[in-house]
Amino acid sequence: MKRVLVHSCCAHCAAYTVEHWRQQGYEVSALWYNPNIHPYTEHQQRLEAMQALAEEMKLPLINTGGYDIVEYFRRVAGHEAERCGHCFRLRLSKTAETAKEMGFDAFTTTLLISPHQKHELLQEIGAELGGEKGVEFLYADLRKRYSDSRHITKPMNLHRQQYCGCIYSEWERYGDTTIK
Ligand code: SF4
41 MKRVLVHSCC AHCAAYTVEH WRQQGYEVSA LWYNPNIHPY TEHQQRLEAM QALAEEMKLP
101 LINTGGYDIV EYFRRVAGHE AERCGHCFRL RLSKTAETAK EMGFDAFTTT LLISPHQKHE
161 LLQEIGAELG GEKGVEFLYA DLRKRYSDSR HITKPMNLHR QQYCGCIYSE WERYGDTTIK
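Counted from 1, the sequence shown has number 216 at position 176 by the working numbering; the numbering is strictly sequential.
In structure tokens, the structure reads:
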């Protein structure tokens, strides 16, 4: 059976995504690497929710243990309006590298289920990194299943985030602004 490593941004996006790849015949493992989630206490709450989901779904979860917040800000500083591309690249590079090192057949990300993410950019960066790192990037447009995924996690009463992750997205959410 082929093995896929799924970068997981949060439990709520992971639930259906994992189901989807299992239905496609893959043995699925998840990877946690999200230095874009601020502040640290919010990162920990989302990680705990992901760990609870992994237990429920009998899903192996690799926690890189790296909260590379300094690296995140170094990449984004001065390019705040285009920060999502840098953010995707940082997280997906780690996933592709880990997949390669651990002998997975492919990698992908739960971000592909979210209608709030820059979907085409994710697809482009994933494919590019797949070629660069020598491991297949699995693409699927799962946006129509976003509410199904939340439906799966609802009874679990897990922490539910109110903004994408970075401090900029928190300001955009509550300050009703757009960073240029
Ligand atoms: S808005 Fe979300 S995807 Fe974009 S940089 Fe911030 S955390 Fe990353």
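Every residue gets a Cβ at the ideal spot worked out from N, C-alpha and C, and that includes glycine. Since we're looking at a predicted model, the values are computed, not measured.
Within the same chain, and ignoring the five residues on either side of alanine 180 in sequence, the residues whose Cβ sits closer than 7 Å to its Cβ are His60, Leu152. For the pair arginine 190 and threonine 149, the Cα-to-Cα distance works out to about 16 Å.
At the C-beta level, proline 79 and isoleucine 109 stay beyond 7 Å of one another.
One thing to note: methionine 97 has its Cβ no nearer than 7 Å to the Cβ of valine 46. The ligand SF4 has no heavy atom closer than 6 Å to the beta-carbon of glycine 215. If you draw a 10 Å sphere on the C-beta of threonine 81, you find fewer than 16 other C-beta atoms in it, and that means exposed. With 6 Å as the limit, the residues whose C-beta approaches any heavy atom of the ligand SF4 more closely are Asn76, Arg123, Cys124, Cys127, Cys204, Gly205, Cys206, Tyr208, Ser209, in sequence along the chain. In terms of Cβ geometry, leucine 198 and alanine 89 form a close pair [threshold 7 Å].
The alpha helix (DSSP H) runs lying completely inside the stretch 112 to 176 and spanning 4 residues or more are 123 to 141, 159 to 173, given in chain order. Within the model, the alpha-carbon separation for arginine 129 versus isoleucine 165 is close to 7 Å.
With a cutoff of 7 Å on beta-carbon distance, lysine 184 and alanine 136 are scored as not near each other. Within a 10 Å sphere around the beta-carbon of glycine 170 sit 16 or more other beta-carbons, which makes this residue buried. For leucine 71, the uninterrupted beta strand (DSSP E) run begins and ends at 67 to 72, by DSSP.
Taking the Cβ atoms as the reference, arginine 43 lies roughly 18 Å from tyrosine 73, outside the contact range of under 8 Å.
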